[in-house]
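Taking the working numbering, the leading residue of the sequence shown gets 1347, the next gets one more, and so forth. Idealized CB from N, CA, C, for every residue including glycine. Just so we're clear, the structure is a prediction, and the values are computed from it rather than from any experiment. Take a look at the structure set out below.
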Amino acid sequence: QPKPNIDLQGLFDEVRREMPTQIPTIPVKARLKGEWLEFSISNAPEVGSLSFFPADGDYVDEFQPVKTEKTGNQRVIKVPLKPKAKVPDTLSGLLVAEKPWDTSGHRALTISVALQSPSTSTSRLPLTLLFAFLGGLILNVMPCVFPILSLKALHLVQISGESRSAARREGIAFGAGVLISLLSLAGLLIILRASGHALGWGFQLQSPPVVWLLLVLLFALALNLLGLFEFPVLLSSLASKNSGRGWTGAFASGLLAVAVASPCTAPFMGVALAAAFALPALGTLLVFSSLALGFASPVLLLSFFPSLLSFLPKPGAWMNTFKKILSLPMFAAVAWLVWVLLRLCGSSIVPGITLAGLVLATGLILFGRGQKTYPPKKGLQGAGLLLLLASILFPALFLKTATSEVAVTHSDRIPWSEEEVSRQLASGRTIFIDFTAAWCLTCQVNERVTLSRPEVQTAFRQRNVAFLVADWTRRDPAITAALHRYGREGVPTYVILHPDAPAPRLLPEILTPALVLEALE
């Protein structure tokens, strides 16, 4: 029976520390800038001087020094390139530091990162702004946004005959609500990422309290559409003393439209969002301003040109019927958000959600009963508001993100991890990575329409493809870092990795069975 040589243990430990490693919590981005290859590393510790050794290709000028800069938590490594060098689309190699990257003592960081396209540079900013505007325009017909915009159009029908100036003010207020909310989200994400947080677009829906507040808003709006209560007019009446009534409600409609549109942005904005966050902060905010303008443009057009509403019937009883019909997708959205909360927090919150929902409904109904009496019963309205406040404070008492792993719903699917990717590639298997989230509506549609289809499942089995699920429902820095490496800011993202092909293949955000089958060939 051989015995271990204790004297050599330290030597083996030292050799292991010198071996390259992957650190998912340290995301790396790469782009070309003139005669330099720039690596941008977030959350990088103080590691001293850095060098890059490419795994393939002869494009690095070894006779020129590597430059490093640091701004906030961002470390930029500028690698000199040979004249007219051809740089591959995917960069693989080693980033070797003077000091260890982490407590394990590793100095060589293994990277495989997609080279950001030239469209992410400021020279292509006008094209990025155009695509952001078109993406915002298309968002208006997404199922999570259309009911709110329909209500706004109905309201414009009501007031257009009274005062054109009032309709214009409300259109501008709606646009301001959209602009401020989108810029606030983008600015918050920029600040959090600069301070070291690994976040991507949609990060707000990874927070149970935010999901609950959105659920409360949609549930209240659904009951409002059924006529059980009316939203208070206090703010509008205050505003009327200055600049005309109704603008505060229009502003709030803009805020709400952006809140419910967040899960729908990925199909048309995935690449544009990645391009936006690769720009300096001012460029990012310009892209989101263009997105806001595209999103708000239909309401702005209708408010400034009310003749466009002439195809609709004159205001009448049909509007109340239409409002009740619009409550159905709102209730469907509420059911979906309940499911998202269960995925975020686990089934233990079911009693708390049920109780809070009853309190919320009771409060809104009491408030509505107090409104409909003459004179209005302030006591009933006050009791309703207290119950409403209690239901809003519910997250502080019950909602906490579960710490257990999210279950994979299909037996032939494997939870994603960097180690699992390396293991499957080492075994010679092709990998399909599904970056998804419960709050991403497009992800759920792709799952049911394409990925769960029998012919697609059969193709995965016949080709021995490893199906890895990276569930981003809850905040996960490793998944965020992986998305950044593939040049994406959010979900859905679909990646195919072949063991004999160095470059990953990224599929579109909207999948079809034919597209997936062709990609697997």
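Inclusion of residue 1428 and residue 1413 in the CB contact set at 8 Å is not warranted, their separation being larger than that value. Closest by C-alpha distance to residue 1517, out of 1641, 1474 and 1727, is 1641. If only complete runs of 4 or more residues are kept, the segment 1647-1707 shows the alpha helix (DSSP H) at 1663-1691, in order along the chain.
By DSSP's assignment, residue 1484 forms no beta bridge with any residue. CA-to-CA, the gap between residue 1768 and residue 1740 works out to about 43 Å.
Annotated three-state conformation of residue 1867 is coil, per DSSP. Judged by pairs of C-beta atoms under 8 Å, the segment 1714-1728 does not touch the segment 1694-1705, as fewer than three such pairs exist.
Below 8 Å, too few C-beta pairs join the segment 1556-1563 and the segment 1480-1495 to call them touching: fewer than three. For residue 1760, no alpha helix (DSSP H) run applies; the uninterrupted beta strand (DSSP E) run containing it begins and ends at 1759-1761, by DSSP.
Spanning the alpha carbons of residue 1634 and residue 1804 requires a straight line of approximately 41 Å. In this structure, residue 1670 sits near residue 1572, with a CB-CB distance shorter than 8 Å. Apart from sequence neighbours up to five positions away, the residues of its chain that approach residue 1759 with a beta-carbon distance below 7 Å are 1813 and 1815, ordered along the chain. In the structure shown, residue 1395 falls within a coil segment according to DSSP collapsed to helix, strand and coil. Residue environment: residue 1700 is assigned as exposed (fewer than 16 neighbouring CB atoms within 10 Å of its CB, all protein chains considered). Counting only runs of 4 or more residues that sit fully inside the segment 1491-1538, the alpha helix (DSSP H) segments are 1492-1506, in chain order. Judged by beta-carbon spacing, residue 1393 lies beyond the 8 Å limit of residue 1457, meaning their Cβ atoms are not closer than that value.
For residue 1491, the closest C-alpha among the options 1524, 1476 and 1845 is that of 1524. In this structure, the beta-carbon distance from residue 1495 to residue 1603 falls below 8 Å.
Taking the Cα of residue 1682 as reference, the smallest distance to any Cα among 1785, 1483 and 1477 is reached at 1785. Assignment of residue 1738 by DSSP, reduced to helix, strand and coil, places it in the helix class.
Between the alpha carbons of residue 1714 and residue 1672 lies a gap of roughly 19 Å.
Annotated three-state conformation of residue 1439 is strand, per DSSP. Counting only the Cα atoms, residue 1600 lies some 40 Å from residue 1764. Judged by beta-carbon spacing, residue 1837 lies beyond the 8 Å limit of residue 1850, meaning their Cβ atoms are not closer than that value. In the DSSP assignment, residue 1797 falls outside any alpha helix (DSSP H), carrying neither H nor E.
Looking at the DSSP output, residue 1421 sits in a beta bridge with 1387 and 1416. Assignment of residue 1634 by DSSP, reduced to helix, strand and coil, places it in the helix class.
Secondary structure note for residue 1456: its beta strand (DSSP E) is the uninterrupted segment 1454-1460.
The beta carbon of residue 1564 sits closer than 6 Å to those of 1676, 1679 and 1680, all from its chain and outside the five residues before and after it, given in chain order. For the set 1846, 1646 and 1774, the Cα lying nearest the Cα of residue 1513 is the one of 1646.
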